[in-house]
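The structure appears right after this line, and notes come after that.
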Amino acid sequence: MLDIKLIREKTDFVRSRLATRGAGDEAKIDDILTLDEARRKALSEVESLKSLRNRVSKEIGALMGQKKIAEADAKKAETKDLGDKISALDKQAAESEVARDTLMLQLPNLPHGSIPLGKSAEDNPEIRVHGAKQNFDFKPKSHVELCASLKLVDFERAAKLSGSGFLLYTNWGARLERALISFLLDLHITQHDYTEVSPPLMVGEQCLVGVGQFPKFKDQYYGVAEGDDAKNLGKLYLIPTAETPVANIHREEILAEKQLPIRYCAYTPCFRGEAGAAGVGTRGMIRVHQFDKVELIKIVKPENAYDELEKMVGNAEKVLQLLGLHYRVILLCTGDMGFGSAKTYDIEVWAPGQGSYLEVSSCSNCEDFQSRRMNMRFKTEAGENKFPHILNGSGTALARLFVALIETHQQADGSVNIPEALQPYLKTEKISP
RNA sequence: GGAAGGGUGGCUGAGUGGUUAAAGGCAUCUGACUCGAAAUCAGAAGUAGUCGCAAGGCUACCGUGGGUUCAAAUCCCACCCCUUCCGCCA
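Written as structure tokens, this is what we have:
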């Protein structure tokens, strides 16, 4: 959520930054300001009436204390109709506020000043590249073929269980998935100074609002119902990413400045409806309804946030380096950024069987956009309450990492070599047919 | 699911209709004492909204939402959460 004071005081600036996203959100600003003014007008009226009522009530109290009943009754009659006026104005103010906030919750974050202007993914500049596309002296197989020949994933039976877009890992596939999870967690915990947490996989709506997934993208998530009572549907939602519960851990808290930075690392499955997305329902592991991910979350002081973002990208890159994968880092342009982000780097890993890059990590600084929504603050040494910056990054998404790994390290004989860093976890050097 | 007891400020804990933003204690900050520290003494200190150039004023907030009343932490209703016990259960 943007700061209403910023919208009031630097209206043109806010409008022009929103416009760089190309989604037309700047058009909402006028309505927001109109509602904001209506709210403040009603507030100032109702508050002076309340002030009057409080004063008279105290006088009545004093008169009652002195047993001057008649005088007290006279004053009561005087203020009798104040209550109705107050509740009418209170209602007006509340309605304006709700209407204003409903619009505010639909406004995306302002892109940071350093973000290149652009309309779509085609305008994203490449920041750096690691490694290179390797040359195979045979035709590399796709992960779907490898999964079949090595019996790593049973796509057909997964579909039988849950429909398309779900994966049934089998034998070495399941072990590889588990080894990757452990490898990622251990790397970030022991080398990158994160604290491991393991959050609930279902959360209340307020957590989704807090990180900016609701209300705008409500149609993308799975709601669950307890028992067979339809009334319970949507009290809880399956998390689309560990960011949702973990970023909310300190919601509505006032942290001490010395607690910052907080760095959390969490493994969770992620559940996504992917309504309308390309590639759902096709065979393979690139876009599925459930996938595993190790997520990085940081809660930091604003002045350190962009340094922390660079480090976070480095933490995710380290994963790919240790696994011997070729990747590139791109900076998302204004038109391609996520709703809550002020600056986002994507990391794309090369998948030779696909002949394309796959997004395996997205690292963002949401600045105070989320902390405002969840009312998370920290108290400075000077005693001032400020909103921390919240960063999130994948470290990394698993199904696609799995794809890149087996496609990259496949051999002519159909086997897959396991990178040295992963061998202690998988306890083998090679997966063979 | 059943029964009982609870939700008050950073923590703890009083408070059953009228100077209660809310006693006391702990923790925090400032000052005094001290070479320094501890102890002690004195004082300060909630969060947010709104008006104001500012000083400052006003309003709201005692789990949440309603209701009664001139006036609600306090009375009434609904809901949520926590603890303990019982039942069921991985």
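Take the working numbering: the final residue in the first sequence is number 465, and no numbers are missing along the way.
Virtual Cβ for every residue (Gly too), placed ideally from N, Cα, C.
Remember, predicted model here, so these are calculated numbers, not experimental data.
C-alpha distance - residue i paired with residue j, whole-angstrom precision
| i | j | result |
| --- | --- | --- |
| Leu199 | Val185 | 7 Å |
| Met408 | Leu287 | 8 Å |
| Gly385 | Arg315 | 14 Å |
| Glu285 | Pro293 | 15 Å |
| Glu158 | Val361 | 6 Å |
| Ala262 | Pro247 | 21 Å |
| Ile379 | Met136 | 30 Å |
| Glu103 | Val130 | 41 Å |
| Leu81 | Ile118 | 7 Å |
| Asn141 | Lys411 | 23 Å |
| Gly56 | Met369 | 14 Å |
| Gly259 | Gly266 | 12 Å |
| Arg404 | Arg40 | 17 Å |
| Gln443 | Glu188 | 25 Å |
| Tyr457 | Ala191 | 29 Å |
| Ile101 | Val46 | 58 Å |
| Gly305 | His321 | 6 Å |
| Ala257 | Asn417 | 38 Å |
| Asp2 | Leu38 | Nothing about residue 2 can be read from this structure; the chain reaches only from 33 to 465. |
| Pro172 | His441 | 10 Å |
| Ile221 | Glu79 | 52 Å |
| Ala211 | Ala453 | 11 Å |
| Asp400 | Leu268 | 25 Å |
| Asp169 | Ala59 | 56 Å |
| Val351 | Glu228 | 17 Å |
Residues near residue i in its chain [Cβ-Cβ closer than 7 Å; skip 5 each side]
| i | result |
| --- | --- |
| Thr273 | Cys302, Lys325, Glu327 |
| Leu233 | Leu270, Ile271, Thr300, Pro301 |
| Thr276 | Val235, Cys239, Leu240, Val243, Gln245 |
| Pro231 | Ala274, Pro277, Val278, Ala298, Thr300 |
| Gly446 | Ser181, Pro465 |
| Thr111 | Arg85, Val88 |
| Leu390 | Ile318, Glu380, Val381, Ala383, Arg432, Val435, Ala436 |
| Met344 | Leu328, Lys330, Cys395, Leu423, Gly425 |
Reference residue i, options the options, closest by Cα
| i | options | result |
| --- | --- | --- |
| Lys165 | Ser128, Ser388, Ile61 | Ser388 |
| Phe249 | Asp260, Glu237, Ser464, Ala257 | Glu237 |
| Tyr226 | Gly427, Phe323, Pro384, Phe45 | Gly427 |
| Ser174 | Leu142, Val435, Ile36, Leu139 | Val435 |
| Glu439 | Trp382, Leu65, Ala257 | Trp382 |
| Ile271 | Asn86, Asp260, Phe323 | Phe323 |
| Gly356 | Gln223, Gln455, Ser214 | Gln455 |
| Leu114 | Val46, Leu84, Ile101, Asp218 | Leu84 |
| Asp218 | Glu79, Leu354, Lys375 | Leu354 |
| His224 | Asp169, Lys107, Gly346, Lys90 | Gly346 |
| Cys451 | Ala444, Lys459, Ala106 | The residue asked about is misnamed: residue 451 is Pro in this sequence, not Cys. The shortest C-alpha separation from Pro451 is found at Lys459. |
| Ala206 | Gln443, Ala431, Gly446, Ala453 | Ala431 |
| Tyr338 | Arg319, Pro420, Glu41 | Pro420 |
| Asp62 | Ile36, Ser76, Gly367, Asn86 | Ile36 |
| Glu349 | Asp400, Arg304, Leu268, Arg160 | Arg160 |
| Cys179 | Ser48, Leu34, Tyr201 | Tyr201 |
| Gly150 | Met33, Ile213, Leu50, Leu65 | Leu50 |
| Glu413 | His220, Ala120, Lys333 | Lys333 |
| Leu121 | Ser76, Ala94, Leu95 | Ser76 |
| Ser146 | Ala126, Tyr377, Gln124 | Tyr377 |
| Gln491 | Leu268, Asn264, Asp169, Ile331 | Residue 491 is absent from the structure shown; the chain starts at 33 and stops at 465. |
Close-in-space but distant-in-sequence residues of the same chain around residue i (CB under 6 Å, 5 per side omitted)
| i | result |
| --- | --- |
| Cys398 | Gly372, Ser373, Ile422 |
| Asp251 | Ala307 |
| Ala2 | Any answer about residue 2 is impossible in this case: the structure gives the chain only from 33 up to 465. |
| Leu341 | Asn397, Leu423 |
Residues of its chain near residue i, where Cβ-Cβ distance is below 8 Å and the 5 sequence neighbours each way are ignored
| i | result |
| --- | --- |
| Ser128 | Leu67, Asp68, Ala70, Arg71, Ala74 |
| Lys108 | Ile92 |
| Glu461 | Asn449, Ile450, Gln455 |
| Ile309 | Reading off the sequence shown, one finds Ala at residue 309, where the question assumed Ile. So the list reads Arg319, once near-sequence residues are dropped. |
CB-CB length for residue i against residue j, believed under 8 Å
| i | j | result |
| --- | --- | --- |
| Val243 | Asn203 | Incorrect: roughly 36 Å between the Cβ atoms, too far for contact. |
| Arg283 | Met406 | 4 Å |
| Tyr253 | Leu240 | 7 Å |
| His162 | Lys375 | Not a contact, Cβ separation roughly 21 Å. |
| Gly367 | Arg53 | 6 Å |
| Asn167 | Leu364 | With a Cβ gap of about 30 Å, Asn167 and Leu364 do not count as contacting. |
| Leu65 | Leu139 | Rounded, the Cβ-Cβ distance is 12 Å, inconsistent with contact. |
Distance cut-off 7 Å: residue i Cβ against heavy atoms of the ligand COA
| i | result |
| --- | --- |
| Asp225 | In the structure on display, the ligand COA does not appear, and there are no ligands present to speak of. |
| request: Could you name each continuous alpha helix (DSSP H) segment of 4 residues or more that falls completely within the stretch 105–183, going from the start of the chain to the end? | output: Taking only runs of at least 4 residues, the alpha helix (DSSP H) segments lying wholly in the stretch 105–183 are 114–136, 175–181.
| query | Enumerated in chain order, which unbroken segments of the alpha helix (DSSP H) with a length of 4 residues or greater are wholly contained in the stretch 246–328? | reply | Counting whole runs of 4 or more residues, the stretch 246–328 contains the alpha helix (DSSP H) stretches 275–279.
| said: Quick check for students: name the residue ranges of the alpha helix (DSSP H) that lie wholly in the stretch 364–423, counting only runs of 4 or more. | reply: Whole alpha helix (DSSP H) segments, 4+ residues: 401–405.
| field | Residue ranges of each alpha helix (DSSP H) within the stretch 423–451, 4 or longer | value | Those alpha helix (DSSP H) runs which fall completely within the stretch 423–451 and span 4+ residues are 430–440.
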